[in-house]
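Everything in the sequence shown is counted per my numbering, starting at 21 for the first residue and increasing by one.
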Amino acid sequence: MNQAGHVSVLLDECIDNLNIKPDGIYVDGTLGMGGHSEQILMRLTTGRLIGIDRDPSAIERAGKRLEQYGDRLTLVHRNFSEVADVLDELGIDGVDGMLFDLGVSSPQLDETERGFSYMNDAPLDMRMDNTSAFTAWNVVNEWPEEELLRILRDYGEERYARRIASRIAERRAEKPLETTLELVDVIKSAMPAAALREKQHPAKRSFQAIRIAVNDELGAVAEMMKTAPDKLNKGGRLCVISFHSLEDRIVKTSIAARENGCTCPREAPICVCGFVQTLKNVHRKPVTPGEDELKENPRSRSAKLRVAEKV
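Laid out in C-alpha cells, this is it:
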C-alpha cells in the first residue's frame, strides 16, 4: 500500500511473473501511482525501467515517489498503445518485460473534479489524459443516439441501453447535459423500478461505457497487443491486468493468435501457412486476486492477469 492508501492490484503476482533480472530493461506501460514500478526498480541494479502514462498528473506523482531511483527510471507521457514507438524513440530494440494495468487508477476515481465517479457531482470529463480536448461531454451531447446505444450495449453491457440512449437524446435536445449527477438522473429516469433496487449502482455500466469511449480504451489495448510483443526479447514476459471482459477478450485472443495462429488443416503433415509462434501462455487460466487482496482492496475483484512469454 502506498502513501495515499492506494493498493497496486496483483502486485506480488505481477512481480513474480515478470522474472525480473537486475540488469534487465522493463516497461510499466500504465504507471499510475507507481506501485508496480517501485517494486520493479527495487529489483534492478544496472537495469532500467521505462514508465509510461497518458495522465500527466500520474507522471508527476510517480516521478516524485520514484525520484530516488535516478537514471534507472525514464518517464514518458504517452498512451500505452504507443509503447513500441516510445521504445524506438529511446533507441531501445528489446525489453525483458512489460506490464500493463488497464484499470482506472484510484486518483482518477477519487478526484471528484475529473468526472469518473457517478457518486459525486462534477463536469462531464472522464479524460485519462487531460491534455486531450475530447471529453465525456462530447460523447453525451454530440454523439448520435444510435452510437450512444452501441457503446452502452457493447462497452457497458447495459440491459437498458436503448432506453437510456433515447432518454439522453430527449434531455439534451432541451439543453446540454453538463454534470455527472445530471447524467445519473437521466440514466435512472430511463430504468425500471426493479433495476434501481439492484445492488449495483444503476449508472455504473453506462459510466464505464462512456469512459471507454472517451479514452478509446479498447482501441488502445488492441494496438498495444498488436505491437508490444514484438519489442520483447526472447524469454521476456508480457503481463496484462484487465478489469472487464471486453479488454480481457482482446488480450486473450491476441496471445492465442501468436501462440496457435496456424491456419493449416489439422491433417496437414507440416505447416505451410507461414505461421511462426512468437508468444506462449505462461498460465492456462488468468491469475486472479486471492482472498487477502480482495479483503484489502475490493476494487481488485474483477482483475485478471494474463502472462505470456516471448519464444
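Quick reminder that beta carbons are idealized off the backbone N, C-alpha and C, glycines included. Predicted, not measured: the structure shown is a model, and the values here were computed from it.
Under a 10 Å Cβ-count criterion, Val103 is classified as buried, with 16 or more other Cβ atoms of the shown protein chains found around its own Cβ. Membership of Asn37 in the alpha helix (DSSP H) is indicated by the continuous run 31-38. Rounded to whole angstroms, the gap between the alpha carbons of Asn280 and Gln297 is 7 Å. Going by beta carbons, Ser209 and Leu172 fall outside the 7 Å limit. For the set Asp105, Ser101, Gly71, the Cα lying nearest the Cα of Asp91 is the one of Gly71. Residue range 68-73 is occupied by the beta strand (DSSP E) that includes Gly71.
If you compare the alpha carbons of Thr50, Val106, Glu80, Arg269 with that of Val124, the shortest gap goes to Thr50.
With a beta-carbon spacing of about 17 Å, Val302 and Ala323 fall beyond the 8 Å limit used to define contacts.
Assignment of beta-bridge partners to Glu329 by DSSP yields Arg257, Lys300.
Fully enclosed alpha helix (DSSP H) runs of no fewer than 4 residues occupy 103-109, 126-130 of the stretch 92-142, in order along the chain.
Rounded to the nearest whole angstrom, the C-alpha separation of Arg192 and Trp157 is 11 Å. The alpha helix (DSSP H) runs lying completely inside the stretch 227-277 and spanning 4 residues or more are 237-247, given in chain order. DSSP lists Arg68 as the beta-bridge partner residues of Ile45.
Closest by C-alpha distance to Cys282, out of Val292, Ile275, Ala189, is Val292. Its chain contains Tyr46, Asp48, Ser57, Ile60, Leu61, Arg92, Leu93 as the residues whose beta carbon lies nearer than 7 Å to that of Leu69, once the 5 sequence neighbours on both sides are disregarded; these appear in chain order.
With contact defined as three or more Cβ pairs closer than 8 Å, the stretch 259-267 and the stretch 309-326 are in contact. Here DSSP, grouped into helix, strand and coil, assigns Lys315 to helix. Segment contact: the stretch 176-189 against the stretch 117-135, fewer than three CB-CB distances shorter than 8 Å; contact not assigned. By alpha-carbon distance to Gly52, the top candidate from Gly44, Asp43, Phe100, Thr199 is Phe100. When Cβ pairs closer than 8 Å are counted between the two stretches, the stretch 207-224 is seen not to touch the stretch 233-253, the count staying below three. The straight-line gap separating the alpha-carbon atoms of Ile275 and Lys300 is approximately 7 Å. The continuous alpha helix (DSSP H) containing Asn161 extends over residues 156-162.
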